[in-house]
Amino acid sequence: QQRAAVSASATMRVPVAAKLAEVHRGQRTLIFHERIDKAELLLDVLSKRGHRVTAYHSGIAPIVRRDNLRLYRRGMFDVLISCRALDEGMNVPETVVSIIASSTASVRQRIQRLGRVLRPAPGKSSATVYTVYATDQEERRLLSEAESLDEVTQVRWVQGSSGGGRG
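Take 1 as the starting number for the sequence shown in full-length UniProt numbering and just add one per residue.
And the structure:
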């Protein structure tokens, strides 16, 4: 559990996710982070950079969450930041970019998150998924999964630290 907390709070996850959102400015982007405080920090950073961004997580009242999701689906927001609240049961097929800024070791969670962006939608021919990682263990786990995704979508593995890694 301590290792998970260190991994989730790796200092470069927020700036890397923000930079990736900049690259895809104006595209429907869904960003996942495990921690609400970091999700809120991302919301603040992207809002200050002029993104049309909102959040969907358990720290937000249910009626506001529902409205935020509805407005994202309608295109009023380009970026939606979530923690675990969108992991299962919610469809946002309009999304073309997904940035997983942090995640658990759960394969099921990652599959569910990939499913949020891989769903078909009118006018959507492909999707891009970024997974930001900060530890060697995360890298090994994610790279072993990447091979099975090559046929499905373009996936980039980005290391969120000052070390080497794949980019």
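Yeah, the Cβ is synthetic: ideal placement off N, Cα and C, and Gly gets one too.
Taking all protein chains in view, the Cβ of T11 is surrounded by fewer than 16 other Cβ atoms within 10 Å, so the residue is classified as exposed. Across the structure, V45 and G123 are spaced so that their CA atoms are roughly 30 angstroms apart.
If you compare the alpha carbons of H33, F77, S103 and S102 with that of V92, the shortest gap goes to F77. Look at V97 here: in three-state DSSP terms it is strand. DSSP places I60 in the coil class of the three-state scheme, outside both helix and strand. Between the C-alpha atoms of T128 and A21 there is a straight-line separation of about 12 angstroms.
DSSP places S125 outside both helix and strand once states are collapsed to three, so it counts as coil.
A residue is called buried once 16 or more other Cβ atoms fall within 10 Å of its Cβ, and L43 is buried on that count. For the pair K19 and R52, the Cα-to-Cα distance works out to about 15 angstroms.
A55 is positioned such that its CB atom lies closer than 8 angstroms to that of E40. Under the three-state reduction of DSSP, A55 is assigned to strand. When the five nearest sequence neighbours on each side are left out, the beta carbons in the same chain lying within less than 7 angstroms of the beta carbon of H57 are those of I36, A39, S82, C83 and A85, in order along the chain.
With contacts defined by Cβ atoms closer than 8 angstroms, R49 and A134 do not form a contacting pair. According to DSSP, residue pairing for F32 in a beta bridge involves S82 and I100. CA-CA distance, G26 to R141, rounds to 31 angstroms. By the Cβ neighbour-count rule, S126 is exposed, with fewer than 16 other Cβ atoms within 10 Å of its own. With 16 or more other Cβ atoms from the protein chains shown falling within 10 Å of its own Cβ, I99 counts as buried.
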